[in-house]
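Colleague: Structure in structure tokens, see below.
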Amino acid sequence: MMGEPERGSAAWWEDRYRGGDIPWDTGVVPPEVVSLVASGLLTSGWALDLGCGSGISSRYLASHGLRVIGVDLARSALARAWRAAESAALPAYFCRADVSDLRFLGVQAAFALDIGCFHAVSPDRQRAYVDSLAARLLPGAYYLLYAFEPIPDVTDGPSGIGPREITLFVPHFLLRWARHGLDRDRPSAWYLMQRS
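For the sequence shown, counting from 1, position 109 maps to 109 in the numbering used here; every step adds exactly one.
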């Protein structure tokens, strides 16, 4: 008898999508993304949607002038993303890959979005994520990150990111702003960074 897939593995994410246990996949583009697009900072070029899931934000970005590459581990989520983007004839493309190694991408992006992916990357892969992302972004590119904040002694679920993890982005990125709040009664934050 096979055991449960390892938390955070491709099989674990696939099981979550197939089982419908995906509270993060609300079908709503976060207001922070909408506001950033409305600000005029993002005008054209390539965008990366890391941990894109079913591609809701990818499609939104593509409908506002960006060409988008969504990256995720769950095949069923990517299949949904492809179908929706194709039916809307949007320039959004999706691939199954590990977000901590983006060397396969042949683009330099003007924007990257991560809604809850980085905080699920294992701590030993977070530096690789930052370095790989930095290598795929143009100088001056924006990066919008959403993550849970740490809760002491959390063992079930993402432990969250705090000041230690944010310093991993130095010297590749400058922090433009941070907005703290709650998500499902858990402390969370949005961070806007810019590639130096």
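Glycine is no exception: its CB is placed at the ideal position from the N, C-alpha and C atoms.
DSSP three-state call for Asp183: helix, strand or coil?
Modeller: In this structure, Asp183 counts as strand in the three-state DSSP scheme.
Colleague: Using only alpha-carbon positions, find the residue among Val68, Gly20, Pro150, Tyr143 that is nearest to Gly106.
Modeller: Per the Cα distances, Val68.
Colleague: Name the two residues that bound the continuous beta strand (DSSP E) containing Ala89.
Modeller: Where Ala89 is concerned, there is no enclosing beta strand (DSSP E), given that its DSSP letter is neither H nor E.
Colleague: Residue range of the alpha helix (DSSP H) that Gly70 falls in?
Modeller: First-last for Gly70: 66–72, but that is the beta strand (DSSP E), not the alpha helix (DSSP H).
Colleague: Which value, in whole angstroms, describes the spacing of the CA atoms of Pro5 and Gly40?
Modeller: Spanning the two alpha carbons is a distance of roughly 42 Å.
Colleague: My understanding is that Gln126 touches Glu86, with C-beta atoms under 8 Å, so please give their C-beta distance in whole angstroms.
Modeller: Not a contact, Cβ separation roughly 33 Å.
Colleague: Is Arg75 near the ligand SAH, judged by its Cβ being under 6 Å from some heavy atom?
Modeller: Absent from the structure shown: the ligand SAH. Ligands present: none.
Colleague: Label Ile151 either buried or exposed according to how many other C-beta atoms from any shown protein chain fall within 10 Å of its C-beta, with 16 as the threshold for buried.
Modeller: It is exposed - the Cβ of Ile151 has fewer than 16 other Cβ atoms within 10 Å.
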